[in-house]
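Asks: This structure is in structure tokens; I'll ask about it shortly.
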Amino acid sequence: MRYFLFLVAATLCITPAFAQEIKVEFDKNHDFSQYKTFRFGEAEVITPKDQKQVSDEEIKRWIVKAITTELSLKGLKQVDSASDLVVSYVVGTLSRSAMGNVGPMGMAPGSNERTYIRDYQQGSLIIDLNDSKNFLLWRINSTTNMSSAGGERLIDQIVQRGFKQFGKPVKKKKK
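Numbering (our numbering), first residue to last: 74 to 248.
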């Protein structure tokens with residue numbers, strides 16, 4: 074029983090550390106095969122200066138590399154001007170605190186009720202794909218609880234999952 078309670082407590086503490094939410098918004102009936110080129114537009118890093126663990130340039134480099142790799146795999150070519158698609162993004166982290174209660178039994182039978190506070194970094198990455206007329210075609214909105222290590226790997230995962238459906242043929246409805 075003691076082992077089971079420890080396992081439950083450990084799972085509850087570890088799970089939020091890997092929490093990741095990625096929402097992808099796009100028109101499922103839109104034909105994305107018509108787009109052949111892309112370029113990068115506006116980019117913004119909104120992490121407060123006192124909370125930065127990595128330079129803005131490094132984060133931008135990671136994001137540009139991940140997006141370029143993923144869109145190239147989808148058959149798009151990066152150009153400097155006059156593109157079919159414009160990629161823009163906003164990224165940032167904020168310090169957050171989570172408070173909880175382990176209940177009347179505490180961590181083990183016979184112990185008192187315990188309250189805990191856990192500090193963590195919450196990161197957000199929003200990627201927009203607009204057409205040449207500035208019409209939003211694709212949006213990836215991700216929020217994740219993160220540690221200082223593995224930032225580049227985390228960005229790669231978000232971009233891969235966010236563009237997973239991009240460029241797939243439109244399914245025609247049966248009449």
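The C-beta atom is built at its ideal place from N, Cα and C for all residues, glycine as well.
Please tell me whether residue 128 has its Cβ less than 9 angstroms away from any Cβ of chain B.
Replies: No chain B appears in this structure, which consists of one protein chain only.
Asks: Helix, strand or coil: how does DSSP classify residue 111 here?
Replies: Reduced to three states, the DSSP call for residue 111 is strand.
Asks: Cα separation between residue 150 and residue 116?
Replies: Going by the C-alpha atoms only, they are around 19 angstroms apart.
Asks: When the Cα of residue 206 is compared with those of 195, 156, 228, which residue comes out closest?
Replies: Residue 156 is the option with its Cα nearest to residue 206.
Asks: Based on the DSSP secondary-structure assignment, which residues constitute the bridge partners of residue 165?
Replies: Answer is 197, bridged to residue 165.
Asks: Can you give me the C-alpha to C-alpha distance between residue 104 and residue 197, rounded to a whole angstrom?
Replies: C-alpha separation (whole angstroms): 28 angstroms.
Asks: If you measure between the beta carbons of residue 200 and residue 175, is that distance less than 9 angstroms?
Replies: No, the pair does not count as a contact, with Cβ atoms beyond the cut-off.
Asks: State the DSSP-derived secondary structure class of residue 190, mapped to helix, strand or coil.
Replies: Three-state DSSP puts residue 190 in a strand.
Asks: Is it the case that the Cβ atoms of residue 136 and residue 228 are separated by a distance below 9 angstroms?
Replies: In this structure, residue 228 lies closer than 9 angstroms to residue 136 by Cβ.
Asks: Compute the beta-carbon to beta-carbon distance between residue 168 and residue 124, rounded to the nearest angstrom, for a pair I have assumed lies under 8 angstroms.
Replies: With a Cβ gap of about 6 angstroms, residue 168 and residue 124 count as contacting.
Asks: Thinking residue 158 and residue 192 are a contact (beta carbons under 8 angstroms), I'd like their distance in whole angstroms, please.
Replies: In fact, because the Cβ distance is near 39 angstroms, the residues do not count as touching under 8 angstroms.
Asks: Are the CB atoms of residue 189 and residue 173 within a distance shorter than 9 angstroms?
Replies: Contact: yes.
Asks: For residue 237, name the three-state secondary structure that DSSP assigns.
Replies: Residue 237 falls in the coil class under three-state DSSP.
Asks: Using a Cβ-Cβ cut-off of 8 angstroms (strictly less than) and excluding sequence neighbours within five positions of residue 94, which residues of its own chain qualify?
Replies: Only 215, 216, 217 meet the Cβ criterion.
Asks: Roughly how many angstroms separate the alpha carbons of residue 134 and residue 231, rounded to a whole number?
Replies: Looking at the two C-alpha atoms, the distance is approximately 15 angstroms.
Asks: Can you say whether residue 209 is buried or exposed, counting buried as having 16 or more other CB atoms within 10 angstroms of its CB?
Replies: Exposed, by the Cβ-count rule.
Asks: Please report the residue range of the beta strand (DSSP E) in which residue 120 lies.
Replies: Here residue 120 belongs to no beta strand (DSSP E), and DSSP marks it neither H nor E.
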